[in-house]
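*Asks:* First the structure, then my questions, so here it is.
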Amino acid sequence: MTIRHLPGVFFLLFLLASGKPGYPSNTPKQVPQLPASLQASVQRTIASRPGDLFLVLKNGLTVLIRQQENVNVVSSRVVVRTGSIYEGDYLSTGISHYLEHVVSGGSTKSFTEAEAKERLEKMGGSTNAATSYERTIYYIDTSAGHWKDALDLLLSYVSESVLDPQQVEREKAVIQQEIKMGENDPDRELWKTFIQTAYQVHPVRNPVIGYEELFVQLDRDALLRYYSERYRPDNMVVVVAGNVVPNDVAAFVAEKTKNFQRKSSPPVVLPQEPLQVGPRWEEKTLPIARLTQAIVGFPSVKIDDEDLYALDVLALLLGDGRTSRLYSRLKDKENRVLSVGTSNWTPDFVQGQFFISLTLAPQYWPGVLKSVEEEIDRFKKETVTDEELAKAKKSVIAQHVFEKETVSALASSLGSSYLYTADPYFDDAYVERIRQVTPQQIQDVAQRYLSMERRTVAVIQPETTRETLAASEVKPEESSSLKASAVQTHQMQNGLKVLLKQDSTLPLVTIHLYGKGGLLLENLNDQGISSFTASLLTAGTSRRTKQQIDQAIEEVGGSLESRSDNNTYHVSIKVLKDDLDLALDILSDIVQNAQFPAEEIEKKRQETLLAIQRQDENWQFEVLQLFKKNYFQHSAYRNDRLGTAESVQSFTREQIQTFYHRMVNPHQSVLAVYGDTDTSKLLPKIQKLFGSWTDRPLSLAPAPQETHPLKSDRVIEKKSEKSAAALFIGTNGLDIDSSRKPVLDVLDAILSGQGYPGGRLFDALRGGKEDLVYVVGAFPFYGIRAGFFGILTQTTLKNLDKVQEIILANLKRLREEPVSPQELENVKEMLITLHHMELESLDAQSQSAVINEVLGLGWDYDKKYPDLIRSVSIKDIQELAGDLFSYTLIARTLPENPVEILPPPPPKSDVQTP
């Protein structure tokens, strides 16, 4: 995984997700007394607050530990201070990213790659690694009982990797595919274009993944040398957060790294980026782009600069959120952009960038750029109002409260704060400094930094020119790749339906096999068996072991997934075009010959039990599950797809095999193969591989009808260990076959903005005068003969009743008042554009077509959808709102230890505003 950049607003969230519950930010820091057994390994101890332990071992390794006793999860990570800017002799090769691929999960002196995978599977949880400009991160999130296992793996990765030759070569092929895919990603291309235009000398201008022509020259000897130079204990930070005893963790790390010694290595000296003295502009055309995407940037500051805080607040006011100046003008009032956002990116290694990101139809680009300049000029000429400033500050404070519920976020924040500033508590200081920002400071930084004479503009344009689009008045959705080539449909004698589409834009093929499955095939005694069975489809066949399947896919740089959801099961594979035959052979083997080895069943059982155990750590899952259990009385949708601990414990191999033959059979399945392939030659291959796949047609009893179970208003509550309250307001809904689905989609967009942070609810709860929530969203759930509409949010206990009242008032307003023609038109345009953007990739088109076919909508439903949305009327909306929104079921989770938002300080008396 490659981190391309960490812009200011995202960086802010990254840092603010910290804070020790129960210990305010002004708690005095002390140097704790260490046990005698630990003192001999420690060079120095960093002052900390109760529950934290920060120290530096004698080998130079920094260890940051935060105790969180109220959870059963631990997040462990090792951060290496190296990335693409520190590659020295290997600059621009992507060696940091390459090394991360090989080191993460690879063979070490203590265990092989296969043994590492087995240990991770036993632990459960999640693991990954990432490389950015200045650092490489390895992490494992798991249950508290496995913290030693997690640290043992991570420390072995970074201190004793053997860089196995076979793994080195395999990962090179994987990364080359990643490079090619990245070159066809408009978002990545836009950032790359911008960063290479904004920086002329500093190595940040080079892509983290490297240039392919340089990357391919790297060999194992280069990796060994770089690993020895950069992976030193004095160049690393270990971070652990969760339910641990800090002294025990420190002692374990010290013992595990006692032979991991300091090394002398010459420092990497970074060149100074020259001052930008004139405007810069770079524009590119991409065949796969559908809309114009642009970044307008200005040289900013490093993270240690005093102007950081005013610039961050300026970014919030200018373009972050529905009520920001740019969003309000360009999106709400003029409807000329699909999206707009502003960030202040402030790294610690180079002067950062204050930038505006835009996505819009090509014909609007010149005028929108002019509007951006006008809004920036307003900040230079006028001071912001006290009300605007207070709202921005409150937003930061709210994020500080709401973004600290997971130990993973705590560990991330702790490590980032220390690495960027050498202060583990930087996040607390950051919030305090934001409180002190004045209107005059914002005007001052706008005047000094946002100079049009020093701006950098990067633009990605679709292949169709702006002039052509303007002249033909083509809407963005009409250039969709849905019209690029026809989909061929075939019905095989065994019942399997096949969808084929030839598209040579990229040299890859995406394969999706979907069929009816999920909750609807389960009963009360086998809850979760669909998900359990589907996840084991790749665990071995009569022809291949699990390891052989994994190796075959990984060696060609492909991906393989199998799972089950509410209504379907699926197996999906993505490979380069030359590996299509291998992929189809593996898929046909999986669906016809899955064996479900006993040892793999037990591994999956333990993994699933752990996943079930930690599900309600997520506040959204917790409150939604509370709603579903009380809304559905008969439908299987009241259950969770993972099942219960009791049901999962009871699954036998014979039971799984029986369910496999019931669910995975050709009569209810659809196979889609899209990509760079000759479809005339492909069909005979499919018939040969899948023609002998037979099973009896599935007989399903009609599902219970539960789209309108609510006949009165109800409220249900439960206590939660979380620090904030969660609210889910649900109403009656529609099933997946309903002809009124497009109407409900429009209703949803009116309320929630659908894919955007917007809509009436956002305006009422966060974007208008109120700032009561950090997140609010709505969605329709369309099931088989069942459905609901729901609104989800999180807030403080103090504000919960007020938030609930506002949401209910908005539902009532839709029942009683017609929407305006302009609002309806804006929402329709947004939905249609979003629909086509979601289908921009071939993989998304393939997956959507096959799901629609399985669920009875037809594979070509996506083509019909824009016209269905256009046909929705004001009357349709009010009638459906009256039908669905008359009764509500409200689910509320209430914090046992609530945390309220601190108010911002009053405006300074000496600040004058117009």
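Take the sequence shown: its letter number 325 is residue 325 in the UniProt record's numbering, and every next letter is one higher.
Note that CB positions come from ideal geometry on N, CA and C, so glycine has one too.
If you're wondering where the values come from, they're calculated on a predicted model, not measured in any experiment.
Between the Cα of L642 and the Cα atoms of N618, V239 and G518, which residue gives the shortest distance?
*Replies:* Nearest of N618, V239 and G518 to L642, Cα basis: G518.
*Asks:* I'd like the ranges of any alpha helix (DSSP H) spanning at least 4 consecutive residues and lying wholly in the segment 580 to 636.
*Replies:* Fully enclosed alpha helix (DSSP H) runs of 4 or longer: 580 to 593, 598 to 613 and 619 to 631.
*Asks:* Rounded to a whole number of angstroms, what is the C-alpha to C-alpha distance between E555 and S572?
*Replies:* Their Cα atoms are separated by approximately 17 Å.
*Asks:* Please report how far the alpha carbon of T694 lies from the alpha carbon of Y660, in whole angstroms.
*Replies:* C-alpha separation (whole angstroms): 13 Å.
*Asks:* Helix, strand or coil: how does DSSP classify H97 here?
*Replies:* Of the three classes helix, strand and coil, the one that applies to H97 here is helix, per DSSP.
*Asks:* By how many angstroms is the C-alpha of Y86 removed from the C-alpha of K483?
*Replies:* With a pLDDT of 35 at K483, under the threshold of 50, the modelled position of this residue cannot be trusted; read the value that follows with caution. Rounded to the nearest angstrom, the two C-alpha atoms are 46 Å apart.
*Asks:* Does L275 pass the burial test, meaning 16 or more other C-beta atoms within 10 Å, or should it be called exposed?
*Replies:* Result: exposed.
*Asks:* Where does the unbroken alpha helix (DSSP H) through L744 begin, and where does it stop?
*Replies:* Counting along the chain, the alpha helix (DSSP H) containing L744 begins and ends at K741 to S752.
*Asks:* Based on the DSSP secondary-structure assignment, which residues constitute the bridge partners of G643?
*Replies:* Answer is none; G643 lacks a bridge partner.
*Asks:* For the beta strand (DSSP E) holding P780, just list the boundary residues, first then last.
*Replies:* P780 -> beta strand (DSSP E) spans V775 to Y782.
*Asks:* Provide the residue span of the alpha helix (DSSP H) that contains I434, from first to last.
*Replies:* Looking at the DSSP string, the run of the alpha helix (DSSP H) that includes I434 is F426 to R435.
*Asks:* What are the boundary residues of the alpha helix (DSSP H) that Y449 is part of?
*Replies:* Counting along the chain, the alpha helix (DSSP H) containing Y449 begins and ends at P439 to Y449.
*Asks:* Would the segment 564 to 579 count as touching the segment 642 to 656 if we require 3 or more Cβ pairs under 8 Å?
*Replies:* Touching, no.
*Asks:* Please name the residue or residues paired with W345 in a DSSP beta bridge.
*Replies:* Bridge partners of W345: Q353.
*Asks:* I need the DSSP call for G8, collapsed to helix, strand or coil.
*Replies:* Bear in mind that a pLDDT of 38 at G8, under 50, signals an unreliable position, so the number given afterwards is only what the model happens to contain. The answer is helix: DSSP assigns G8 an H, G or I state.
*Asks:* What did DSSP end up calling F885 once you bin it into helix, strand or coil?
*Replies:* Three-state DSSP puts F885 in coil, outside helix and strand.
*Asks:* Can we count L520 as close to the ligand MN, meaning its CB is less than 7 Å from some heavy atom?
*Replies:* In the structure on display, the ligand MN does not appear, and there are no ligands present to speak of.
*Asks:* Report, in whole angstroms, the separation of the C-beta atoms of R760 and P704, which I expect to be a contact under 8 Å.
*Replies:* About 33 Å separates the two Cβ atoms, so there is no contact after all.
*Asks:* Please report the straight-line C-alpha distance between W345 and L710, rounded to a whole angstrom.
*Replies:* Rounded to the nearest angstrom, the two C-alpha atoms are 48 Å apart.
*Asks:* Under 8 Å between the Cβ atoms of R49 and L410?
*Replies:* No. Outside cutoff.
*Asks:* Could you check which residue in F215, T197 and H202 has the C-alpha nearest to that of K284?
*Replies:* Cα-wise, what sits closest to K284 is T197.
*Asks:* Note the first and the last residue of the continuous alpha helix (DSSP H) segment covering G367.
*Replies:* Note, G367: alpha helix (DSSP H), W365 to K381.
*Asks:* Kindly give me the distance between the Cβ atoms of D731 and L808, rounded to whole angstroms, as I take these residues to be in contact under 8 Å.
*Replies:* According to the sequence shown, residue 731 is Thr rather than Asp. That pair is no contact at about 10 Å.
*Asks:* Going by the DSSP bridge assignment, what does T108 pair with across the sheet?
*Replies:* In the DSSP output, where bridge partners are listed per residue, T108 has S161.
*Asks:* I need the straight-line Cα distance from G787 to I442, nearest angstrom please.
*Replies:* Going from the Cα of G787 to the Cα of I442 covers about 48 Å.
*Asks:* Could you tell me which whole beta strand (DSSP E) segments of length 3 or greater appear in the segment 539 to 585?
*Replies:* The segment 539 to 585 contains these whole beta strand (DSSP E) runs: 559 to 564 and 568 to 576.
*Asks:* Between the segment 353 to 370 and the segment 293 to 308, are three or more C-beta pairs nearer than 8 Å?
*Replies:* Yes, the segment 353 to 370 is in contact with the segment 293 to 308.
*Asks:* Thinking C-beta only, is L499 closer than 8 Å to V850?
*Replies:* It is a contact, given that the beta carbons lie within the stated cut-off.
*Asks:* State the CB to CB distance for the pair G675 and K577, rounded to an integer number of angstroms; the pair is presumed to be in contact (CB under 8 Å).
*Replies:* Going by Cβ atoms, the distance from G675 to K577 rounds to 6 Å, so yes, they are a contact pair.
*Asks:* With a threshold of 16 other CB atoms inside 10 Å of the CB of L524, please say whether the residue is buried or exposed.
*Replies:* Exposed, since its Cβ has fewer than 16 Cβ neighbours within 10 Å.
*Asks:* How many whole angstroms separate the CB atoms of I529 and F651, which I take to be in contact at a CB cut-off of 8 Å?
*Replies:* So it is a contact: roughly 6 Å between Cβ atoms.
*Asks:* Please name the residue or residues paired with E283 in a DSSP beta bridge.
*Replies:* E283 pairs with V459.
*Asks:* Are the segment 722 to 740 and the segment 881 to 897 touching by the rule of at least three beta carbon pairs closer than 8 Å?
*Replies:* At 8 Å Cβ cutoff, the stretches touch.
*Asks:* On a Cα-Cα basis, can you pick out the residue from E817, L857, A701 and K603 that is closest to G882?
*Replies:* Taking only the C-alpha atoms, the option nearest G882 is E817.
*Asks:* Comparing C-alpha positions only, which one of V872, Q847, S873 and I874 sits nearest to Y861?
*Replies:* Per the Cα distances, Q847.
*Asks:* Taking a contact to mean a Cβ-Cβ separation below 8 Å, would you say R614 touches V73 in this structure?
*Replies:* Yes, Cβ-Cβ distance for R614 and V73 is below 8 Å.
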